[in-house]
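Residue numbers (the numbering used here), protein chains in the order written: chain A, 19 to 363; chain B, 19 to 363. This report concerns only the one structure given below.
There are 2 protein chains.
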Amino acid sequence: MAKKDVPSKVTIVEVAEKAGVSLGTVSRVMNNDIHVAPDTRERVAAVMREMGYVANRQARGLKGSRTNVIGVLAPDLGTGYIGEILHGIDTELGLHQFDLMLFTTHRTAIKEANYVANLVKGMVDGLLLILPRNPADYTGILTNANFPFVLIDHQGTGSLCPAVGATNWQGAYNATEYLIKLGHKRIGFITGSMDLGAAIDRLDGYKSALQVHHIPEDPQLIYEGTFFQPDGYAGGSALLDLDDPPTAIFASNDVMAMGAMDAIRGRGLRIPEDVSILGFDDIPQSAMVRPALTTVRQPLEHMGRLATQMLIDQLKNPEKGIDRVELPTQLIVRDSTLSPKDRAG
Amino acid sequence: MAKKDVPSKVTIVEVAEKAGVSLGTVSRVMNNDIHVAPDTRERVAAVMREMGYVANRQARGLKGSRTNVIGVLAPDLGTGYIGEILHGIDTELGLHQFDLMLFTTHRTAIKEANYVANLVKGMVDGLLLILPRNPADYTGILTNANFPFVLIDHQGTGSLCPAVGATNWQGAYNATEYLIKLGHKRIGFITGSMDLGAAIDRLDGYKSALQVHHIPEDPQLIYEGTFFQPDGYAGGSALLDLDDPPTAIFASNDVMAMGAMDAIRGRGLRIPEDVSILGFDDIPQSAMVRPALTTVRQPLEHMGRLATQMLIDQLKNPEKGIDRVELPTQLIVRDSTLSPKDRAG
DNA sequence: CTGTTAGCGCATTCAG
DNA sequence: CTGAATGCGCTAACAG
């Protein structure tokens with residue numbers, strides 16, 4: 019095998035030599051600096067193309083300037099939920115010629131917010147935080163360091179920082195109201211991890227709808243879960259075992275709703291004739307399960323895209339005020355919900 | 019709030035000063051160089067911890083040494099399929115203190131293999147290629163540059179390079195044979211993108227099983243798809259419209275199987291009583307659709323983990339021979355398949 | 001408009 | 001065992 023070196027060996031100096039200019043000029047051409055004569059620019063560009071020159075990002079980053087890489091911090095990749103958001107991010111990033119660096123926080127080392135701050139120094143131009151567990155840990159440092167970032171799906175805490183989320187409260191309110199209008203009076207609720215703002219908002223929306231419609235809140239009807247499927251099963255089971263079981267169950271996300279569906283069926287009950295079930299998120303498989311799940315759609319991909327846009331905006335206009343956006347959720351009625359009066363007595 | 023500067027401002031020089039040594043020594047401590055007196059090492063380490071020092075990867079990478087970042091090239095993030103593999107990669111990477119840099123090839127710029135080679139120069143220590151469209155484009159350059167990489171799910175081409183895949187041929191063979199033993203004689207097949215090795219292998223497995231069991235191959239029963247759901251619907255429809263329609267349909271992946279299920283139901287036919295349906299991959303929702311999908315499980319996450327291990331191995335032992343691994347697939351029988359004789363005449 | 005120069009933070013010789 | 005010096009590839013002043 020011929021001992022050939024990495025083709026990437028082409029450096030700015032070689033381009034400069036071959037084009038008969040100084041390396042400074044080449045740099046200017048690369049960065050679209052206006053102070054270059056058109057024909058010089060042309061010539062240099064040609065040489066760059068010819069030699070297959072690609073800038074070394076390390077060196078560029080070292081100087082403290084733009085890396086054109088955006089960092090994404092995500093809890094993990096296990097659920098399709100994160101995947102949808104990532105997809106949106108990636109799509110938008112592609113439009114702007116940015117690359118993506120993904121860090122998953124389930125690794126112990128990265129758990130320390132300080133580590134993150136250091137890590138990203140120079141590596142990425144900005145940070146997208148998906149569902150951070152303790153957002154305050156990061157936001158403090160990041161804000162302090164004046165480092166651009168946007169929170170995704172976590173507008174819970176009070177501190178003011180750029181974030182995009184969904185109208186969790188409104189979505190849960192609407193869904194609960196829909197159930198009430200269907201005639202349900204005993205509506206079970208399975209919460210998400212209560213340390214997440216979204217979970218709190220959804221529970222609040224549920225409670226508010228109940229209250230507005232003068233249905234007393236029954237603590238027995240609220241089961242605390244953590245957004246994972248087994249909690250849905252456990253929650254569904256617990257709710258169904260009540261002396262006066264609910265006629266409908268509203269789970270704080272789709273995977274828990276599916277867990278609850280298993281619990282319902284496991285007891286020989288029918289969906290939706292005996293028990294209605296409603297989820298949150300509208301992940302792809304919700305449309306595919308039988309019966310198809312009625313749920314509250316969260317525009318995950320859109321959230322990813324928007325957050326990315328906001329971040330890139332920040333990068334371009336560092337002085338612009340920060341904004342927090344809430345994208346609307348939408349009730350998607352499918353086959354898992356029905357009026358309780360339709361039940362065979 | 020105290021006006022604190024970026025914590026990341028801590029550099030090797032400052033650690034050196036505070037520890038009363040030269041920056042060279044600090045560097046040695048960081049890199050576990052043996053030539054450091056135990057107590058010196060201790061002292062320096064303490065200062066590093068105290069100051070929250072974290073090495074700047076850019077600078078380190080610039081020098082041509084390890085970056086502890088692995089690059090992943092994936093076609094896109096749209097399907098859960100890639101997500102599963104990524105999850106495996108990420109998990110394994112976490113175990114070895116590597117970070118992950120993700121590039122998606124649906125972006126035009128990155129399509130050029132040369133660009134990739136240049137790009138990764140110094141940025142990542144190795145590359146994981148998921149389902150590359152034209153693997154030869156990359157493997158040539160990468161091999162030539164002596165750059166460590168592993169192909170995932172693409173062992174199709176002849177060139178010898180490290181790869182992990184699944185036994186696509188065997189999986190398709192077994193599944194087809196299972197259908198035949200159930201009594202099916204007319205088995206429709208929906209292919210994947212035929213430019214992918216996996217798709218070819220699956221089709222071949224199907225054909226071989228037919229041949230072994232002396233069932234004539236009927237070109238009409240083979241519909242060419244591209245691994246996306248709409249193809250499943252179109253393929254299912256086309257197959258069902260045949261004068262002598264199949265009693266079972268085997269789709270080259272689960273999402274196409276689900277598309278086909280829609281087509282079947284759209285014609286008022288029942289699954290599996292009227293038509294059996296079988297998929298490939300065993301993505302999460304396959305267990306959740308009704309009827310639950312019989313499918314060939316591909317150990318996606320495991321493939322991701324294994325490929326990562328192989329890559330890290332390469333990094334540690336550059337001289338080791340390359341190996342290609344095929345992980346076994348497994349037939350998962352669920353509710354979407356039945357003997358044709360059970361059909362109501 | 002273009003060339004020159006000084007670092008960015010670190011790994012690595014090379015001397016002690 | 002440790003310190004000093006050199007340069008990785010590039011950007012950003014600063015001069016012309």
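Just so it is clear, CB atoms sit at the ideal spot from N, CA and C, and this is done for glycine as well. These numbers were taken from a predicted model, which means no experiment stands behind them.
Spell out whether any CB of chain A is found under 8 Å from the CB atom of Phe121/B. Residue-level contact by beta carbon holds for Phe121/B and chain A, with a gap shorter than 8 Å.
Exposure label - Gln247/A; buried when at least 16 CB within 10 Å: Under this definition Gln247/A is a buried residue.
Closer than 9 Å at the beta carbon, the chain B residues around Met212/A: Residues of chain B passing the Cβ test: none, with the nearest at roughly 26 Å.
Who does Met119/B pair with in a DSSP beta bridge? Here Met119/B is bridged, per DSSP, to Met119/A, Gly89/B.
Let me see if you follow: with CB-CB separation under 8 Å, is Gln76/B close to chain A or not? It does: the Cβ of Gln76/B has a partner Cβ on chain A nearer than 8 Å.
Kindly list, in the order they appear in chain B, the residues whose Cβ is closer than 8 Å to that of Met306/A. Within chain B, Met276, Gln303, Met306, Val307 have C-beta atoms less than 8 Å from the C-beta of Met306/A, given in sequence order.
For a quick check, are the C-beta atoms of Ile148/B and Ile88/B less than 8 Å apart? For the 8 Å CB-CB criterion, Ile148/B and Ile88/B do not form a contact.
For His105/B, would you say it is in contact with chain A, using Cβ-to-Cβ distances shorter than 8 Å as the test? Taking 8 Å as the threshold, the shortest C-beta distance from His105/B to chain A falls below it.
Flag Ala42/B as yes if its beta-carbon sits less than 8 Å from any beta-carbon of chain A, otherwise no. The amino acid at residue 42/B is misidentified as Ala; the sequence shows Gly. No, because no Cβ of chain A sits closer than 8 Å to the Cβ of Gly42/B.
Could you tell me the alpha carbon to alpha carbon distance between Val28/A and Tyr71/A, rounded to whole angstroms? Between Val28/A and Tyr71/A, the C-alpha separation is close to 6 Å.
Close Cβ partners of Arg75/B (< 8 Å) along its chain, the five nearest in sequence each way excluded: Contacts found: Thr85, Asn86, Val87.
Within the 8 Å Cβ cut-off, does Met141/A reach chain B? With a threshold of 8 Å between beta carbons, Met141/A makes contact with chain B.
Alpha-carbon spacing of Met279/A relative to Gly254/A, whole angstroms: Each residue's Cα considered, the two are about 8 Å apart.
Going by Cα to Cα distance, which pick from Gln303/A, Gly42/A, Glu195/A, Pro263/A is closest to Leu287/A? Closest option to Leu287/A, Cα to Cα, is Pro263/A.
Leaving out five residues on either side along the sequence, give the residues of the same chain with a beta carbon under 8 Å from the beta carbon of Met328/A. Once the five neighbours on either side are set aside, the close Cβ partners of Met328/A are Val168, Pro180, Val182, Asp341, Val343.
Please list the segments of the alpha helix (DSSP H) lying wholly inside the stretch 273-337 of chain A, counting only runs of 4 or more residues, in order along the chain. If we require 4 residues or more, the alpha helix (DSSP H) runs fully inside the stretch 273-337 of chain A come out as 318-334.
Counting only the same chain and skipping the five closest in sequence on each side, list residues whose C-beta sits under 6 Å from that of Pro346/A. Cβ within range, chain order: Thr185.
Arg323/B, buried or exposed, once every other Cβ within 10 Å from all chains shown has been counted against 16: The C-beta of Arg323/B has 16 or more other C-beta atoms within 10 Å across all chains shown, which makes the residue buried.
Beta bridge counterpart(s) of Arg78/B as assigned by DSSP: Paired residues: none, contrary to the question.
Close beta carbons around Asp171/B, own chain, < 8 Å, minus the five adjacent residues each side: Within the same chain, Asp171/B has close Cβ partners Ile103, Ile148, Leu149, Val182, Gly183, Ala184, Ala216, Met321.
Amino acids of chain A, ordered along the chain, whose beta-carbon sits closer than 7 Å to that of Gly339/B: Here the premise fails: no neighbours, minimum Cβ distance about 14 Å.
Closer than 8 Å, CB to CB, is Leu95/B near chain A or not? At least one chain A Cβ lies under 8 Å of Leu95/B.
Check whether the stretch 282-302 of chain B touches the stretch 228-242 of chain B, counting contact only when three or more Cβ pairs, one atom from each stretch, lie closer than 8 Å. Contact between the stretch 282-302 of chain B and the stretch 228-242 of chain B is absent, because fewer than three Cβ pairs lie under 8 Å.
Evaluate Gly337/B with the Cβ neighbour count: other Cβ atoms within 10 Å of its Cβ, from every protein chain shown; 16 or more gives buried, anything less gives exposed. Strictly speaking, residue 337/B in this sequence is Glu, with Gly absent from that position. By the C-beta density criterion, Glu337/B is exposed, having fewer than 16 other C-beta atoms within 10 angstroms.
Using the Cα positions of Glu110/A and Thr326/A, report the straight-line distance between them to the nearest angstrom. Their backbone Cα atoms lie some 6 Å apart in a straight line.
Residues that Thr145/A bridges to, as DSSP identifies them: Looking at the sequence itself, residue 145/A is Leu, so the reference to Thr does not match. Answer is Gly89/A, Phe167/A, bridged to Leu145/A.
Please go through the same chain and pick out, in chain order, the residues whose beta-carbon is closer than 8 Å to the beta-carbon of Asn50/B, but skip the five residues on each side of it. Cβ within range, chain order: n/a, list empty.
Between the C-alpha atoms of Leu333/A and Phe245/A, what's the straight-line distance to the nearest angstrom? Computed Cα separation, rounded: 34 Å.
Per DSSP, what kind of secondary structure is Tyr241/A in: helix, strand or coil? DSSP places Tyr241/A in strand when its eight states are reduced to three.
Using a Cβ-Cβ cut-off of less than 7 Å, give me the residues of the stretch 248-262 of chain A that come near chain B, in sequence order. Those would be none; no residue qualifies.
Taking its Cβ as the centre, do 16 or more other Cβ atoms sit within 10 Å of Ala127/A, making it buried, or is it exposed? With a pLDDT of only 46 at Ala127/A, under the threshold of 50, the placement of this residue in the model should not be trusted, and no figure is reported.
Compare the C-beta of Lys22/B with all C-beta atoms of chain A and state if any pair is closer than 8 Å. With a pLDDT of 33 at Lys22/B, under the threshold of 50, the modelled position of this residue cannot be trusted, and the question is left open.
When you compare the CB positions of Val54/A and Ala37/A, do they come within less than 8 Å of one another, or not? No, Cβ-Cβ distance for Val54/A and Ala37/A is not below 8 Å.
Measuring only between beta-carbons, confirm whether Leu118/A sits less than 8 Å from chain B. Residue contact with chain B for Leu118/A: present (Cβ-Cβ distance below 8 Å to some residue of chain B).
Alpha carbon to alpha carbon, what distance is there between Ala77/A and Val307/B? If you take the alpha carbons of Val307/B and Ala77/A, they lie about 51 Å apart.
Check whether Ala269/B and Ala275/B have beta carbons under 8 Å apart: Yes, the pair counts as a contact, with Cβ atoms nearer than the cut-off.
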